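S.K.: Below is one structure. I have some questions about it.
Chains as they are written, first to last, in my numbering: chain A, 1 to 227; chain B, 1 to 227; chain C, 1 to 227; chain D, 1 to 227; chain E, 1 to 227; chain F, 1 to 227.
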């Protein structure tokens, strides 16, 4: 967060296949599998409904009202990456639109996650380039001041280190540290498998009270029923 | 709001048919018919566009970050109910997702209205189980602390008593006290009937100024036209 | 903002064709062409996805919780106008619904932009009458206190003078002073033409760094690459 | 919340001495003693530092931008009361200033708690009439529409029934149901007595880890120390 | 709001004596006298308690994160002026601190009103240079982009024209158009005189219900008393 | 942010004397000297006016509504430390009051910086134990779930590593990485020395336009004066 004017070209990316599989499990399951850590603030919303993406983080530290470093970041994108952008001070300007999205997509980026605003959101939907942002704003940015690429950044309250796995969907954005990705995938797969059977039973009218054996713990906690 | 650890099994529900008919009239008309009372704060939004529901309230008082009582509430749902959940302190966690929605739906619930967050919102849209919430968040909850079921709760600034009618749609969520439901329905029907003819006249270019005889009151209030 | 109880019948509208053409260019391009001025706050959002409109402003100054002047404004609408409403104090009530939308549409209005709430949003989507607002609320308004029509108003932080061009879409709402409309159109057209070629090159994988000749300025600004 | 145009003259007040003694214990201790219930949202702040008050609730239901019912409420104040005002829709106008404060004080009111705005805050500080509010605003109100006095109201997320005990200080505002006041006082006194000895030990450098015997539970929960 | 890079040296200031006398009456009284118009949003707060000021407006239009134009504005200050600053996009940076305050004070400025952040707030209090702002932030600004001085600006939702009277105190900030200043002073003086006698009567226990003859209008409006 | 249930006993603290001297220079000067980085969001406010503190960071990662780890952190405090607490999800509960403040003070802590709520704020002022927080709330917390001590935390948008220097005052809270502390002190001292002479000249009426030689750059940027 303090190193400005620097681009790290080499980053250690989490395994791309692991990132892809974490994406299919969704942010809610992955967040639980991570021990309920790594979730960005819920103000981060997709710019179109149904957006979902996962990949390895290329990070950008931006200055307020200045998107110069997004162009620098474009060159550092490898196929399968998700660009994650923090800003040195709160800003809702539209840093990113259809031109940058075209460039990012051509470079193989899967998505953008930005703790600021974006614009051209109709075009982003038509292109199906998924973006999670704090705001939508027609106000553009200048290209005047250096930030950095591939340094650790804080984005919407979460610390993101280059190479971390990002899982983003309608429910939010989760950051999985690269070193924990494989282990988190195992835990998430187990959790997910566990849910399929439950869904069927609940659909049949079985109560969670019975399926999860909650009646006795509730009684011990002092729950009283009154007729 | 002060009685924790209690489940009232017997509640007096408003008439289900009245609840259904209020639902067809919509939250805006019902709110007017009620004398402009009972509306939850406008931060309560449906998790998918076009959601609308009405029914009788089963209430839940939740603790922050803890959804245990939603499982307890599931057993108290009768077909036609809408579950309404207040929280003892502000919380945006995702208390409710597709598993609980499957269970609530199997029990006959029409909707959930919750002054907190929910998750699995894409699945909720696919299931067409309507939910109004304050937030969407992948962050789940624990099951550790008792709240209550079927006590009066404050939800998004409105007092909800078990059995009240809930009318929810794209415009918001209105609470109709059970004792006022029938009378409110009459007023809402009258109001609605009154609007149909007006719509046709306005579509023909008649001005509200003339249709509502506003010109004289405006003149008396001092309105001046300047050419 | 200080003249209450007045309706100016004659306003000097910007050229309707210029307004229409600005609309096709979109709020982001027009905002840049204006010198990055005139954008309303980003909390102004369309009530349905994909809404876009442009036209000449008929302005309304409303009192909190009172929509009387919207009826007065309806009579002042000429085909191609966009009604822009400011309020003398912050209010999220639903000032406008399907009846007024029917009337405005019949008068030839293209859209409503209101620094307050609206309701009947599903019907507005079905009618395809576009509205940008601060909130959605089922809470209606009364008709008791005078405001004004066609006086300058502040709407979502922007000053709007009657006859100005309004351009609104998914990215926000921009106000173009009537005197600057033609010049802004020229600048916006030039800007837009300039983007088409760029999009194709970026799609081919050319980097913005090269296309915009940024490498040398970045080096001069001190950017360092680290392997 | 639905009964408009009504003033209940007879209310059952909690014991005034109990209310006074709860006030000396403070909102944080009373909130714990109540089982962590009854706290208004933390956006309710005193208009001058150091304000603190307790008393029995006279409730008022106000309309947005209209303070007529505060005058009606003044007549219902008995010495030792705290006036608690909810509003049927969110509003930050200045409902209350030095004239009403003079009147309330002359009637024996201890404080005002209002889920809206107030004004003349310097004079309120000079008079030492304590007020907790959501906002400060010079914008005054009209006297045109009926609300009610001494009906249950929702104020800043808490339900307040006439006669309840209100405890307000720098930490917030707590509502104690009249029926629970005596029991809550006992619990709060016990809690408070318990704290005095602890403060002395902590000041001597004893750690909470030891004083509260937390080391073993922390170890069992899995806490690891790394040198 | 659209003219950037311009400084108007000649402005027509409202009468300084009228501005001073409006200041002694306070923002609440002046706002009423103006017909309840011209109040900035209540998020504008003084940086120290007890601040109050009035004077004639020198206006500044600032760019986000850039305080260059405050230096340009300093030269345009005449004794008795209040500097009022709007920003072309929302920004909470600290545009103003003790150095600029020293300069403004030396030039005879009475206060600063800024729709952004300021810093050095302790020093501002010690200097007794009153400032109303949206935020306090240690983050400083650059000096790189032109705005304008003495053009009309929108500040916290209010339109301010150079030379207007600004009245600011603990209750908020009101803008009085220069052309209305004398008339507003008369109305405010009358209103104030009217209040003195009322205060004494209310202190004696007379109810507003009686003093304002409200009982009959309340009865006609349908108010019912229930014992 | 992902390591829960761990306490690092050994941390490398920045030099205490450097921390103390940075404190005397203030958050605004230090933030500039750091290259305009490291500032927490401006919503972090001191609980009493005039609070200021500096020291080396002991960090705590808290769970929502649970202050157990603050007791664990107390043991890790060395004289001259500032405790900095992040939370795994947004929470405004009152995690800290006069008992913990007594303990922290006895251990030699200089201050608490917490991205959540605190209570007993009057007592904190009387004790002169400075606290910067997001909220004030009487709602207390439980002691049930592990977090960590002395891991990197995100607090109000800033990354804090154990041992970093914290500078906090009325203008905000700045984090200086331990490795940059000495260099930042030099830059801050130079900046501060530079300001003293300027203040005197500005007080004499010299304009910043002249003192900073801005007239020529402004002219080149295109500034026009109009009489």
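Backbone N, C-alpha and C fix where the C-beta goes; we use that ideal spot for every residue, glycine too. Because the structure is a prediction, the values reported are computed rather than measured.
For the beta strand (DSSP E) containing residue 142 of chain A, list its first residue and its last residue.
M.R.: Here residue 142 of chain A corresponds to residue number 142 of the first chain, with the count starting at 1. Taken as a continuous stretch (DSSP letters only), residue 142 of chain A belongs to no beta strand (DSSP E), as it is neither H nor E.
S.K.: Hey, quick one: how far does the alpha helix (DSSP H) through residue 29 of chain D stretch, first residue to last?
M.R.: Residue 29 of chain D sits at position 29 when you count from the first residue of the fourth chain. Here the alpha helix (DSSP H) through residue 29 of chain D covers 27-33.
S.K.: Using a cut-off of 7 Å between C-beta atoms, extract the partners of residue 99 of chain E located in chain F.
M.R.: Working through the fifth chain from its first residue, we reach residue 99 of chain E at position 99. Within 7 Å Cβ-Cβ: 195, 198, 199 and 202.
S.K.: Report the neighbours of residue 263 of chain A on chain F: residues whose CB is nearer than 7 Å to its CB, in chain order.
M.R.: Beyond the ends of chain A as shown, which are 1 and 227, falls residue 263 of chain A; an answer cannot be given.
S.K.: Give me the Cβ distance between residue 171 of chain B and residue 119 of chain C, rounded to the nearest whole Å; I'm assuming they're in contact under 8 Å.
M.R.: For the purposes of this step, residue 171 of chain B is taken as residue 171 along the second chain, with counting starting at 1. For the purposes of this step, residue 119 of chain C is taken as residue 119 along the third chain, with counting starting at 1. Residue 171 of chain B to residue 119 of chain C, Cβ: 5 Å. Contact.
S.K.: Contact check, residue 114 of chain C vs residue 96 of chain C under 8 Å by CB: the rounded distance?
M.R.: For this step, residue 114 of chain C is matched to residue 114 along the third chain. For this step, residue 96 of chain C is matched to residue 96 along the third chain. Indeed they touch by this definition, with Cβ atoms about 6 Å apart.
S.K.: For residue 111 of chain D, report the span of its beta strand (DSSP E) as first-last.
M.R.: Sequence index remark: in the fourth chain, residue 111 of chain D carries index 111 (1-based). DSSP places residue 111 of chain D in the uninterrupted beta strand (DSSP E) bounded by 111-118.
S.K.: Give me the subset of the region 91-122 of chain E whose CB atoms are less than 9 Å from a CB atom of chain A, sorted by chain position.
M.R.: 91, 92 and 93
S.K.: Residues of the region 146-179 of chain E in Cβ contact with chain A at a cutoff of 7 Å, in chain order, please.
M.R.: none
S.K.: If you measure between the beta carbons of residue 137 of chain C and residue 108 of chain C, is that distance less than 9 Å?
M.R.: Numbered from 1 along the third chain, position 137 holds the residue referred to as residue 137 of chain C. Numbered from 1 along the third chain, position 108 holds the residue referred to as residue 108 of chain C. It is not a contact, given that the beta carbons lie outside the stated cut-off.
S.K.: Using only alpha-carbon positions, find the residue among C:92, C:112 and C:192 that is nearest to residue 56 of chain C.
M.R.: Residue mapping note: residue 56 of chain C aligns to position 56 of the third chain, counting from 1. Nearest C-alpha to residue 56 of chain C: C:112.
S.K.: As an exercise, report each continuous alpha helix (DSSP H) stretch of at least 4 residues that is fully enclosed by the region 153-207 of chain E, in chain order.
M.R.: 181-203
S.K.: Run through DSSP, which three-state label would residue 228 of chain A get?
M.R.: This structure cannot speak to residue 228 of chain A, because chain A is shown only from 1 to 227.
S.K.: Residues of chain E with CB under 9 Å from residue 133 of chain F, in chain order?
M.R.: The residue given as residue 133 of chain F occupies position 133 in the sixth chain. Within 9 Å Cβ-Cβ: nothing; residue 133 of chain F doesn't reach chain E, min ~15 Å.
S.K.: Between the region 25-34 of chain D and the region 73-84 of chain F, can you find at least three pairs of beta-carbon atoms closer than 8 Å?
M.R.: no
S.K.: Using a Cβ cut-off of 9 Å (strictly closer), state whether residue 58 of chain F contacts chain D.
M.R.: For this step, residue 58 of chain F is matched to residue 58 along the sixth chain. With 9 Å as the cut-off, residue 58 of chain F does not count as an interface residue toward chain D.
S.K.: Could you list which residues in chain A have their beta carbon closer than 7 Å to that of residue 46 of chain C, in chain order?
M.R.: Here residue 46 of chain C refers to the residue found at position 46 of the third chain. What residue 46 of chain C touches in chain A: nothing, since even the nearest Cβ is about 10 Å away.
S.K.: So the candidates are E:106, E:23 and E:141; which of them puts its Cα closest to the Cα of residue 181 of chain E?
M.R.: By one-based count along the fifth chain, residue 181 of chain E stands at place 181. Here the closest residue by C-alpha is E:23.
S.K.: Applying the 10 Å Cβ sphere with the 16-neighbour rule, what's the burial state of residue 183 of chain A?
M.R.: Numbered from 1 along the first chain, position 183 holds the residue referred to as residue 183 of chain A. So residue 183 of chain A ends up on the exposed side.
S.K.: What are the residues that DSSP puts in a beta bridge with residue 42 of chain B?
M.R.: Here residue 42 of chain B refers to the residue found at position 42 when the second chain is read from its first residue. Looking at the DSSP assignment, residue 42 of chain B forms no beta bridge with any residue, so it has no partner.
S.K.: When the cut-off is 9 Å and only beta carbons count, does residue 216 of chain B lie next to chain C?
M.R.: Translated into positions along the second chain, residue 216 of chain B becomes position 216. Chain C, which has no Cβ nearer than 9 Å to the Cβ of residue 216 of chain B, makes this no.
S.K.: What number of angstroms, rounded off, separates the C-alpha of residue 165 of chain D from the C-alpha of residue 98 of chain F?
M.R.: One-based indexing of the fourth chain puts residue 165 of chain D at position 165. One-based indexing of the sixth chain puts residue 98 of chain F at position 98. Taking the straight line from one Cα to the other gives about 25 Å.
S.K.: Counting only the same chain and skipping the five closest in sequence on each side, list residues whose C-beta sits under 6 Å from that of residue 174 of chain F.
M.R.: Numbered from 1 along the sixth chain, position 174 holds the residue referred to as residue 174 of chain F. Here the set comprises 27, 30, 31, 38, 39 and 167.
S.K.: Using only the alpha-carbon positions, how far apart do residue 207 of chain F and residue 75 of chain E sit?
M.R.: The count along the sixth chain starts at 1 and reaches residue 207 of chain F at position 207. The count along the fifth chain starts at 1 and reaches residue 75 of chain E at position 75. Cα to Cα, residue 207 of chain F sits roughly 7 Å from residue 75 of chain E.
S.K.: In the DSSP output, what is residue 225 of chain B paired with across the bridge?
M.R.: For the purposes of this step, residue 225 of chain B is taken as residue 225 along the second chain, with counting starting at 1. In the DSSP output, where bridge partners are listed per residue, residue 225 of chain B has C:7.
S.K.: Check whether chain D comes within 9 Å of residue 221 of chain E, counting only Cβ atoms and requiring the distance to be less than that.
M.R.: In the fifth chain, residue 221 of chain E corresponds to position 221, counting from 1. For residue 221 of chain E, the answer is yes, since a Cβ of chain D falls inside 9 Å of its Cβ.
S.K.: Select from C:194, C:69, C:212 and C:73 the residue whose C-alpha is nearest the C-alpha of residue 58 of chain C.
M.R.: As a working mapping, residue 58 of chain C is identified with position 58 in the third chain. Comparing Cα positions, the closest option is C:73.
S.K.: Using C-beta distances below 8 Å, list every residue in its chain close to residue 110 of chain A, excluding the 5 sequence neighbours before and after it, in chain order.
M.R.: Locating residue 110 of chain A in the first chain gives position 110, where the first residue counts as 1. Here the set comprises 53, 54, 55, 80, 81, 82 and 130.
S.K.: Looking only at DSSP bridge pairs, what is residue 132 of chain B linked to?
M.R.: Walking along the second chain from the start, residue 132 of chain B turns up at place 132. According to DSSP, which records beta bridges pairwise, residue 132 of chain B is partnered with B:46 and B:113.
S.K.: Starting from the beta carbon of residue 65 of chain E, find every residue of chain A whose beta carbon is closer than 7 Å, and list them in chain order.
M.R.: By 1-based counting over the fifth chain, the position of residue 65 of chain E is 65. Here the neighbours are 64 and 65.
S.K.: Per DSSP, what kind of secondary structure is residue 123 of chain E in: helix, strand or coil?
M.R.: For the purposes of this step, residue 123 of chain E is taken as the residue at position 123 of the fifth chain. Here residue 123 of chain E sits in helix by DSSP.
S.K.: Answer with yes or no whether the minimum CB distance from residue 75 of chain B to chain C is below 9 Å.
M.R.: Position 75 of the second chain, counted from the start, is the residue given in the question as residue 75 of chain B. Cβ-Cβ to chain C under 9 Å: no for residue 75 of chain B.
S.K.: Using the C-alpha atoms, what's the distance from residue 68 of chain D back to residue 197 of chain B?
M.R.: Locating residue 197 of chain B in the second chain gives position 197, counting from the first residue. Locating residue 68 of chain D in the fourth chain gives position 68, counting from the first residue. Taking the straight line joining both Cα atoms gives about 37 Å.
S.K.: How far does the alpha helix (DSSP H) with residue 85 of chain D in it extend, from its first residue to its last?
M.R.: Within the fourth chain, numbered from 1, the residue matching residue 85 of chain D stands at position 85. For residue 85 of chain D, there is no enclosing alpha helix (DSSP H); the residue is part of the beta strand (DSSP E) that begins and ends at 81-87.
S.K.: Taking the alpha carbon of residue 21 of chain F as the point to measure from, which residue in F:147, F:212, F:218 and F:190 has its own alpha carbon closest?
M.R.: As a first step, residue 21 of chain F must be located in the sixth chain, where it is residue number 21. Here the closest residue by C-alpha is F:190.
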